Amino acid sequence: MYSLPKTSLRNRLCQGSRIIDCVSAVNQKRFAHDIVIRQKIGKPIIKYGPGGRSSVSGHIATVFGCTGFLGRYVVSKLAKHGTQVVVPYRDADEARHLKVTGDLGQVIPLEFDIRNEKNIEEAVRHSDIVYNLIGRDYETNNFPFEKVHVEGAARIARISRENGVSRFVHVSALNADKNSKSKFYRSKALGEEAVKAEYPDATIVRPSTMYGHEDRFLNRLAGTTYEYVLNKGMTRIRPVYALDVAKALEYMSKYENTIGETYELFGSNEYTYNEIYDVINKVVVNYRTKILVPKSIALLVAKLIHLPFISSYSTEDVERAYISDQITPGTKTFEDLEILPSSLDDIAISVVRFYRRSSIYDEPMLQDKNVGKVKKGIYYTDY
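Position one of the sequence shown corresponds to residue 7 (the numbering used here), numbered consecutively onward.
In structure tokens form, the structure reads like this:
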């Protein structure tokens with residue numbers, strides 16, 4: 007085995023490229039070490055390990071909203087690269103599954119209440135980056151939009167600033183607008199302003215309607231007996247894959263050129279609701295009867311459903327079904343993060359395959375309307 011001259015590492019590194027090459031050759035199978043100085047506060051981030059969950063990235067992240075649809079993927083992405091993640095929760099059973107996303111001791115559950123400042127301070131005081139993913143699609147008596155999207159977001163941003171957190175990432179929503187007909191979008195816009203007032207260097211992320219496993223979008227559209235269509239199905243949206251958004255959020259923990267920026271994250275293709283129903287029908291192989299529902303009837307039904315089944319369907323779902331996605335000129339997108347967003351046409355089959363009949367469950371994406379139907383003793387397939 008080749009041995010280096012018995013001199014200090016500093017002297018060896020100063021002797022030229024020949025010795026440096028030898029150092030690299032000897033250490034190539036050892037753990038990689040790295041150090042990054044946070045430009046904003048001068049804090050060193052020391053990374054070591056071979057990479058992956060069993061390494062240490064040097065970052066400590068707090069993810070509020072970690073038990074939600076997007077939050078679980080963000081925690082997994084961060085922990086996958088050795089980041090220690092604090093996961094504040096309200097229900098221990100909702101956060102239990104997050105423990106296995108990271109190595110032993112790397113995912114730290116912490117009970118909290120968004121109205122309790124002491125709980126929030128405990129969750130962020132050791133972190134160098136805080137993500138606020140807290141949000142809901144509907145209001146309850148205890149948590150109206152104003153309390154969650156505006157006051158809660160501002161409180162987390164303020165306490166993070168007071169505790170010296172060097173990065174703050176706030177997840178809002180595409181179409182956030184103070185003048186929107188949707189109360190949800192109005193509260194999201196006010197939340198952005200409140201966060202910026204408390205933490206001027208906050209990074210704002212506005213994802214479009216997200217889809218993926220456990221979503222409330224594709225699963226809702228695919229799980230009905232009929233196609234209940236609002237606005238004649240002409241509302242145009244650009245749904246985005248939840249894993250792509252999680253990847254973008256994880257990217258922001260490593261690169262400081264995202265500080266203070268606003269990103270709008272949307273899918274690669276634009277669809278009307280009619281086109282999305284077509285995609286789902288091709289996957290599920292169930293061409294359902296389409297029913298056009300007037301807005302007044304939809305609002306009445308939503309109010310009645312929302313009373314006994316709070317999270318099932320609300321008037322806000324109806325209002326947002328009439329608002330097409332609008333991209334703000336000049337804002338940054340996936341392209342600035344060097345991420346290529348996935349296409350709904352490619353991902354839909356993995357999400358809604360569950361709604362297929364067992365006889366064609368394992369079939370690939372089917373294009374023929376007759377596939378899966380029985381007519382006069384003939385069973386159609388795509389072979």
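Note that beta-carbon positions come from the ideal geometry of N, C-alpha and C, so glycine has one too. Since this is a predicted model, take the numbers as computed values, not measurements.
Sequence-distant residues of its chain with Cβ nearer than 6 Å to Glu369 (five each side left out) = Here the set comprises nothing.
Using DSSP with H/G/I as helix, E/B as strand and the rest coil, what is Asp391?
-> Nothing about residue 391 can be read from this structure; the chain reaches only from 7 to 389.
Does the separation of the CB atoms of Ala248 and Tyr95 fall below 7 Å?
-> Their beta carbons are not under 7 Å apart, which means Ala248 does not touch Tyr95 by this criterion.
First through last residue of the alpha helix (DSSP H) which encompasses Thr321 | 321-326
Closest by C-alpha distance to Val156, when choosing among Glu233, His87, Thr339, Gly141 | Gly141
Status (buried if at least 16 other CB within 10 Å, exposed otherwise) for Gly111 = With fewer than 16 other CB atoms across the displayed protein chains lying within 10 angstroms of its CB, Gly111 is exposed.
Bridge-paired residues (DSSP) for Val211 = Val177, Tyr269
Taking Ile126 as part of the alpha helix (DSSP H), name the residues at either end of that continuous run.
-> 123-130
Residue range of the unbroken alpha helix (DSSP H) whose run includes Val171 = Neither: Val171 is in no alpha helix (DSSP H) and is coded neither H nor E.
For Gln21, which three-state DSSP category applies?
-> Summary for Gln21: the model assigns pLDDT 49, below 50, so the residue's position carries little reliability; its value from the coordinates is reported in the next sentence. Note: Gln21 maps to coil in three-state DSSP.
Pairwise C-alpha distance: Phe223 and Val307 = 18 Å
Are Val235 and Ile286 touching if we call contact CB-CB under 7 Å?
-> no
Within 7 Å, strictly: CB atoms of Arg212 and Leu255 | Not in contact: Arg212 and Leu255 (Cβ atoms no closer than 7 Å).
For Pro206, write down the residues that DSSP places opposite it in a beta bridge.
-> Paired residues: none, contrary to the question.
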